[in-house]
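Undergrad: Just passing along the structure, written as structure tokens.
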Ligand code: F6R
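Residue numbers (the working numbering): 21 to 259.
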């Protein structure tokens, strides 16, 4: 695992952009796994502003809320088209976002048909979730419908008018699905992520903190700002 601690959110976004842009330039047919949420917005702004050729890129998103139509302003479909896809030349047929009507098995088949994911971008939940794999998720889980935890519903209420509007369920890639990506880029910023980041990078591998499973992946690059890195070193090594 490579861990880089950078001075700010902007610096994390710059570095993530370098990694993604290099990948797209050197492997034009890259299969990307992408995340939503506040963390990758700076990355997507930079990708949208760059002159990169997305004509052969394929993209699979981590998750989508159940119950929000693709054109709903709070759906992850809408998020991805607004922040990135409408501004680059990716063919719409190369964009794959989980669809509750279609189900997890079909999404897994589409990933397999694309040859698997080359580079998966992840954010980190304050509870250590990756995708919407909440604490307790099986480490070998696949794309499926899940219930969001109370913590995630509260965290994501900031994107909605009220907590009551936050969907209670989502379709998410599983932890096993994520772990099959050939490389992973985990990004986390802000003090609210510090405990989850320390647990994920330095604690035991446990279903209580799903991101800890990334310690078992051979090619993980972690980008943290100083606030998210502020609790690193606080977990004593196992005796
Ligand atoms: C988003 C996703 C989530 C977020 C995580 C962090 O597609 O799967 O795991 O990455 O909740 O969200 P932000 O970046 O909003 O703090």
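Where is the CB? At the ideal position from N, CA and C, for every residue including glycine.
(1) By DSSP, does residue 78 sit in helix, in strand, or in coil?
(2) Mapping DSSP to helix, strand and coil, what is residue 99?
(3) Going along the chain, which residues of its own chain have a beta-carbon closer than 8 Å to the beta-carbon of residue 239, five neighbours each way excluded?
(4) Residues near the ligand F6R, CB to any non-hydrogen atom under 6 Å, in chain order?
(5) Taking the C-alpha atoms as reference points, what is the distance between residue 146 and residue 156?
(6) State the DSSP-derived secondary structure class of residue 196, mapped to helix, strand or coil.
(7) Using DSSP with H/G/I as helix, E/B as strand and the rest coil, what is residue 59?
(8) Residue 158 and residue 128 - do their beta-carbons sit closer together than 8 Å?
(9) Below 8 Å between beta carbons: does that hold for residue 139 and residue 104?
(10) Runs of 4 residues minimum, wholly inside the stretch 208-244: which ones carry the alpha helix (DSSP H) assignment?
(11) Measure the beta-carbon distance from residue 14 to residue 216 and round it to whole angstroms, keeping in mind my assumption that it falls under 8 Å.
(12) Could you round the C-beta distance between residue 40 and residue 245 to whole angstroms and report it? I think they count as a contact, below 8 Å.
(13) CB residue 124 to CB residue 153, shorter than 8 Å?
TA: Considering the structure as presented:
(1) Of the three classes helix, strand and coil, the one that applies to residue 78 here is strand, per DSSP.
(2) Here residue 99 sits in helix by DSSP.
(3) Excluding positions up to five away in sequence, the list reads 202, 203, 204.
(4) The filter returns 55, 56, 57, 58, 59, 82, 83, 143, 144, 145, 149, 150, 151, 152, in chain order.
(5) Using only the alpha carbons, I get a separation of about 15 Å.
(6) Residue 196 falls in the helix class under three-state DSSP.
(7) Judged by DSSP in its simplified three-state form, residue 59 adopts coil rather than helix or strand.
(8) Not a contact, by the Cβ cut-off of 8 Å.
(9) Not a contact, by the Cβ cut-off of 8 Å.
(10) Whole alpha helix (DSSP H) segments, 4+ residues: 214-222.
(11) Any property of residue 14 remains undetermined from this structure, which presents the chain solely from 21 to 259.
(12) About 18 Å separates the two Cβ atoms, so there is no contact after all.
(13) Contact flag unset, no.
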